[in-house]
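Data first, discussion second: the structure below is written as structure tokens.
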Amino acid sequence: MPGAGLPGSARGIREVYVETFCAPPWDEEPACADAYLERLARDAARPGFTAALARDGDGTVLGFATAWTTERPFPTGRCYPRVAAAVGPDRVEEWLCGGREIDELAVRPRAQGLRLGAALLAAVAEGAPGGRCWLLTSARNPGAVAFYRRRGWRPANAPDPVDTGFVVFLGPDHPALGT
14 MPGAGLPGSA
24 RGIREVYVET
34 FCAPPWDEEP
44 ACADAYLERL
54 ARDAARPGFT
64 AALARDGDGT
74 VLGFATAWTT
84 ERPFPTGRCY
94 PRVAAAVGPD
104 RVEEWLCGGR
114 EIDELAVRPR
124 AQGLRLGAAL
134 LAAVAEGAPG
144 GRCWLLTSAR
154 NPGAVAFYRR
164 RGWRPANAPD
174 PVDTGFVVFL
184 GPDHPALGT
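Here this note's numbering is used: the sequence shown runs in plain steps of one and ends on residue 192.
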């Protein structure tokens, strides 16, 4: 769905965010969910923005995923400097800029194991330019790391658990995986 369809689902997205990211291993504060909704409203205007929602029969949001096209030059806010340091400036330009960046993926704990996460990931990754799709996750969440690996995503960096503890994953069709 395009970003214009998200405001009507904001309450459900917030609930999923709280249930997912305010629990271990993320342990964010509930106020982060409100900040996420504010950021999501801005992110929806990014080039190539796309989102996917999973709902149950009564319309309750069970999960969501968001993605967009990574800008050129490579952004310098949020976690981008750590991503650039991890994969290197040449690889950032070749592998990430202009590709599809998966920003968030969350599924309510009660709906996990139903393949909703896999469906949401596939929905926002579909049509990635030249197969160039990527995401960032915490190496401290072995469940997330295993989830992406099972779907054919491969690390682009070796995580440093003492320092950043994050992993940059390249999508299963990313051309860099063939090199």
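Quick reminder that beta carbons are idealized off the backbone N, C-alpha and C, glycines included.
- Judged by DSSP in its simplified three-state form, residue 43 adopts coil rather than helix or strand.
- For residue 114, DSSP records a beta bridge to 81, 147.
- When the Cα atoms are used, residue 58 and residue 51 turn out to be separated by approximately 12 Å.
- Ranked by Cα distance from residue 137, the options 166, 66, 110, 190 are led by 66.
- Beta-carbon to beta-carbon, residue 29 and residue 76 are separated by about 6 Å, close enough to satisfy the 8 Å threshold.
- In the DSSP assignment, residue 55 is bridged to no other residue.
- In the DSSP assignment, residue 73 falls outside any alpha helix (DSSP H) and carries neither an H nor an E.
- The beta carbons of residue 151 and residue 191 sit no closer together than 7 Å.
- Distance between residue 122 and residue 130, taken at the CA atoms: about 11 Å.
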